[in-house]
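There are 2 protein chains.
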Amino acid sequence: MTLNGLESLIPDSRRVIFDSDIEEKYLSDTLGRLKGRAKALVFPESVREVSDIMKYAYDHKIPVTPRGAGTNLVGSTVPADGGIVLDLSRMNRVLEIDKDTFTATVEPGVVLKDFQELVEQEGLFYPPDPGEKTATIGGNISTNAGGMRAVKYGVTRDYIRGLEVVLADGSVAELGGKVVKDSSGLSLKHLMIGSEGTLGVITKAIVKLIAKPQESLSVLLPFNDLHTGIRAVLNVIRGNLDPTAIEFVEKKVVALGEEYVGLAFPYQDAAAYILLTFDGDDLEEIYKRVEKLRIIAKESGAKDALVLRDGETIDTVWKIRGALVKAVEAKSEQEPVDIVVPINKSAEFIEYINDLEQKTGVQMVSFGHAGDGNVHLCVVRGGRTQEQWEKDRKEVLASAYDKSSELGGLTSGEHGIGLSKKKYLKKAADPLNLQMMKQVKLSLDPKNILNPNKIFD
Amino acid sequence: MTLNGLESLIPDSRRVIFDSDIEEKYLSDTLGRLKGRAKALVFPESVREVSDIMKYAYDHKIPVTPRGAGTNLVGSTVPADGGIVLDLSRMNRVLEIDKDTFTATVEPGVVLKDFQELVEQEGLFYPPDPGEKTATIGGNISTNAGGMRAVKYGVTRDYIRGLEVVLADGSVAELGGKVVKDSSGLSLKHLMIGSEGTLGVITKAIVKLIAKPQESLSVLLPFNDLHTGIRAVLNVIRGNLDPTAIEFVEKKVVALGEEYVGLAFPYQDAAAYILLTFDGDDLEEIYKRVEKLRIIAKESGAKDALVLRDGETIDTVWKIRGALVKAVEAKSEQEPVDIVVPINKSAEFIEYINDLEQKTGVQMVSFGHAGDGNVHLCVVRGGRTQEQWEKDRKEVLASAYDKSSELGGLTSGEHGIGLSKKKYLKKAADPLNLQMMKQVKLSLDPKNILNPNKIFD
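Quick mapping for you: the protein sequence lines, in order, are chains A and B. With the UniProt record's numbering, letter number 309 in the first sequence gets 309, and the count goes up by one each step, no holes. With the UniProt record's numbering, letter number 132 in the second sequence gets 132, and the count goes up by one each step, no holes.
So this is what it looks like as structure tokens:
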């Protein structure tokens, strides 16, 4: 099949690339392990162009894989069924920052980091803060991205007021708006959020902003052993101190990050750490919460409670924390896992993973968002042959996902399902839920052309 | 058609009532104007019974109208197409309050007021606070109920972690769970929330709780004239003071409430008021916000800023505010409207409504949630004949909904669409959106038996 006539939909021929001229990176995700194939790669610059392409694809029944920066970790942007790759990164304008309604209207290709900086210059704040800052807002919406600040501020879903979405047949839907409340029929907006491009192509978003907190600080709690550290997390959560983030990390994991960035944590003699941030407008009030934390930390066996505010130390700590995935990847291929369990099960889950590591010999670096039960694992390949790696990985992942189900957890807290986690979702989810998802998918995309075979078969 | 065999599904014959034995109240909503008809009224006591009834209804293609306390305002619980009314008010157990995960697991018939009191006794807090406290949690979820505290805390949707739902064919789906984050496929949970019983029957909910704020106070800002008062709302919003509620109300409306409850506002010489609440754990910190409010209020033309904390005065003010709808209804039939506009358009909308009132002679008592743009109107019948009332009501409502659309608003902020607002949704919404809703509805309820003809035809 050739895609005759596709090029006529886009006025600039450099924005339509065919077949073997398509660079490999457009056929994969950020990990680059899964590769798809495509007949065409298109860079639309307007909703009109997206609509025209979808009409064309609909008429010719051609699969379309939307993508932003391609930073996803689960193969959502892999064009597994061929067809057209729709790269929205040129639709990257911030159309409006509306200080009266605390909203911004953005195109999907706006890069998260740029957007965060822009609104902060205006005294505003966009709380969703997934680790990957070069992702696009459109991508964040498609996976309902989370991040460290979710403990206090929630996830991407909580900041989407309105969406413009191009449907499978090219029609353009406006969902929600600048309004705060909405009880006006079925929430198509919420259905789109997190749907990984399987229901529509996001071409515009109205996002909620808040006023930028004036003050923030971090507190580092070192622990003598893993067990005490993990168990302390729940005490901290119960303490109701309104922290922005609660991260748990073992010293051996920190050591990887320290080596990678060439810096050191301010407190070395520990086996594990809890790292918290607090923010607000009133420093005194924040310190009151920190004082309460000190008491809880002491009672929970913390060796100290280091308050980190301005300057080098806080930068160092967060630089090391931010570099953990890259530090792992610098040493070995890894499989990222972002299981989410109820917050009071984080400790049990992390302990289970540590035991599993001991038992199987497969290194599983665990860290992440203890405060919201979203435990990240890097399953490390190390020196394994491809065959051994696939066998071992399969085994430990099956155990990890089973344990998560047992604890009332879910397959993904923020990365999405895409291609890579399909089999785990299939195993963990009730078949009825997958059946419902398929029915809803087909009701809005009857020809199954929008990112087909993602999330479910 | 007779419903042979239905009674055998429920062990207690007193819980299945047929035909003319069904009390009228089960055929309507709280307003009682719209009346449906039903062959049977069933009071299930378990998910199993709900499932059995849905299987029966599915096999026989019988419409089913779920209801809780029947407090809805838009005819959502009116069995317009006959069939079975499914009253869930006996499924009213609080199954668990889990302090570790800050969740409660409840059956749908739990009454909001009882639940709020129960969790507050445990030092916890369920923020959604719609005006009607005798509503059930299931009903609140079905309409995505909002309320005054939405300015700070959000709406019902924001507090639903998981749902158990019986589908049209009787199958039972578990959506979400105790987890905080979820990027595990299409969000069927969010699709169910606000769907007014058209997609499934809620039989269980896991709701999010927060720690109960230790302190709260209210501030009353009186204004000399309507215009100054309304315009001040936006300055207050811009002030970023994290209020729990921002209510705007005219003196003439307050006067109705004062007469009704036999009490008086603490500041009489005003044409309009802004009433705010603040909460938190630290009274000093709250007072800092109040001090900032004082400055904004003064600059915005407020005559005073009365801080109301404990005791009679604050009770009086909120008793009057809470009685406004009933005060209107004591005098006349009224049509409730809960249009939502962007927060910076509240003033323009309220001014438009006041002009419309002048022009048409139809009294439209406006008050409500200025802080989140959810303006409530009571369109007052007064002494009109039925014919004149229908004509006048139609005219002013058409104008009000058109103005809302012009301002980027939506048909309903918290009441839902049901039967009464269908025509306004149809006019305001893009036909594409309604088409999408219908497609999604039919994908999950192909025989169209679940609360048919609600939201859309």
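Idealized CB from N, CA, C, for every residue including glycine.
#1: First and last residue of the alpha helix (DSSP H) that includes residue 273 of chain A?
#2: Suppose the cutoff is 7 Å on Cβ atoms and the five residues either side in sequence are ignored; what does the same chain contact list for residue 212 of chain B look like?
#3: Which two residues bound the contiguous beta strand (DSSP E) that contains residue 398 of chain A?
#4: Determine the DSSP secondary structure at residue 366 of chain B, reduced to helix, strand or coil.
#5: I'd like to know if residue 185 of chain A contacts chain B, where contact means its C-beta is closer than 9 Å to some C-beta of that chain.
#6: Output needed for residue 300 of chain A: all residues of its chain with C-beta closer than 6 Å, excluding positions within five of it in sequence on either side, in chain order.
#7: Could you check whether residue 204 of chain B and residue 65 of chain B sit closer than 9 Å to each other, using their CB atoms as the reference points?
#8: For a test of the three-state rule: what should DSSP assign to residue 168 of chain B, helix, strand or coil?
#9: When you compare each of B:158, B:311 and B:76 to residue 197 of chain B by their alpha carbons, which one comes out closest?
#10: Taking 8 Å as the cut-off, does the region 179-191 of chain B touch the region 255-263 of chain B (at least 3 CB pairs, one atom from each stretch)?
#11: Rank A:449, A:454, A:453 and A:345 by C-alpha distance to the C-alpha of residue 63 of chain A and give the top, closest one.
#12: How far does the beta strand (DSSP E) with residue 205 of chain B in it reach, from first residue to last?
#13: How would you write the range of the alpha helix (DSSP H) that residue 115 of chain A sits in, first residue to last?
#14: Decide if residue 33 of chain A is buried, meaning its Cβ has at least 16 other Cβ atoms within 10 Å, or exposed.
#15: If distances are taken between C-alpha atoms only, which option among A:168, A:138, A:117 and A:79 comes closest to residue 91 of chain A?
#16: List the residues of chain B that residue 202 of chain A touches, going by C-beta distances under 7 Å, in chain order.
#17: What are the residues of the region 392-419 of chain A that lie near chain B, defined by any Cβ-Cβ distance shorter than 7 Å?
#18: Measure the Cβ-Cβ separation of residue 207 of chain A and residue 373 of chain B and say whether it is below 9 Å.
#19: What are the partner residues of residue 336 of chain A, as DSSP defines its beta bridges?
#20: Below 9 Å between beta carbons is the criterion; list the residues of the region 214-228 of chain A that meet it against any residue of chain B, in chain order.
#21: Assuming residue 43 of chain A and residue 15 of chain A form a contact by the criterion Cβ under 8 Å, report the distance between their Cβ atoms to the nearest whole angstrom.
#22: How long is the line joining the alpha carbons of residue 151 of chain B and residue 282 of chain A, rounded to whole angstroms?
#23: Identify whether residue 419 of chain A lies in helix, strand or coil by the three-state DSSP scheme.
#24: In whole angstroms, what is the alpha-carbon distance linking residue 30 of chain B and residue 50 of chain B?
#25: Assuming residue 209 of chain B contacts residue 243 of chain B (C-beta within less than 8 Å), just tell me the rounded distance between them.
#26: Compare the C-beta of residue 293 of chain A with all C-beta atoms of chain B and state if any pair is closer than 9 Å.
#27: Taking the continuous beta strand (DSSP E) assigned at residue 218 of chain B, which residues delimit it?
#28: Return yes when the Cβ of residue 400 of chain B is within less than 9 Å of the Cβ of residue 339 of chain B, no when it is not.
#29: Among the residues of its own chain, which have a CB less than 6 Å from the CB of residue 309 of chain B, if the five just before and after it don't count?
#30: Residues of chain B with CB under 8 Å from residue 238 of chain A, in chain order?
#31: Identify which residue in B:118, B:107, B:146 and B:112 has its Cα closest to the Cα of residue 163 of chain B.
#32: Secondary structure at residue 431 of chain A, three-state DSSP: helix, strand or coil?
#33: Between B:369, B:36, B:411 and B:56, which lies nearest to residue 6 of chain B when the distance is taken from Cα to Cα?
#34: Would DSSP call residue 160 of chain A helix, strand or coil?
#35: Taking Cβ-Cβ distances shorter than 9 Å, what residues in chain B pair up with residue 79 of chain A?
#36: Under 9 Å between C-beta atoms, does residue 148 of chain A make it to chain B?
Considering the structure as presented:
#1: That residue, residue 273 of chain A, is in no alpha helix (DSSP H); its beta strand (DSSP E) goes 272-280.
#2: 120, 123, 124 and 125
#3: Looking at the DSSP string, residue 398 of chain A is not in any beta strand (DSSP E); the run it does join, the alpha helix (DSSP H), is 386-406.
#4: strand
#5: yes
#6: 232 and 235
#7: no
#8: coil
#9: B:76
#10: no
#11: A:449
#12: 201-208
#13: 112-121
#14: exposed
#15: A:138
#16: Correct list: empty, because the minimum Cβ distance to chain B is about 15 Å.
#17: 408, 409, 410, 411, 412, 413, 414, 415, 416 and 417
#18: no
#19: A:378
#20: none
#21: 4 Å
#22: 21 Å
#23: coil
#24: 24 Å
#25: About 21 Å separates the two Cβ atoms, so there is no contact after all.
#26: no
#27: 215-223
#28: yes
#29: 217
#30: 99 and 100
#31: B:107
#32: helix
#33: B:56
#34: strand
#35: Simply none; closest approach about 20 Å.
#36: no
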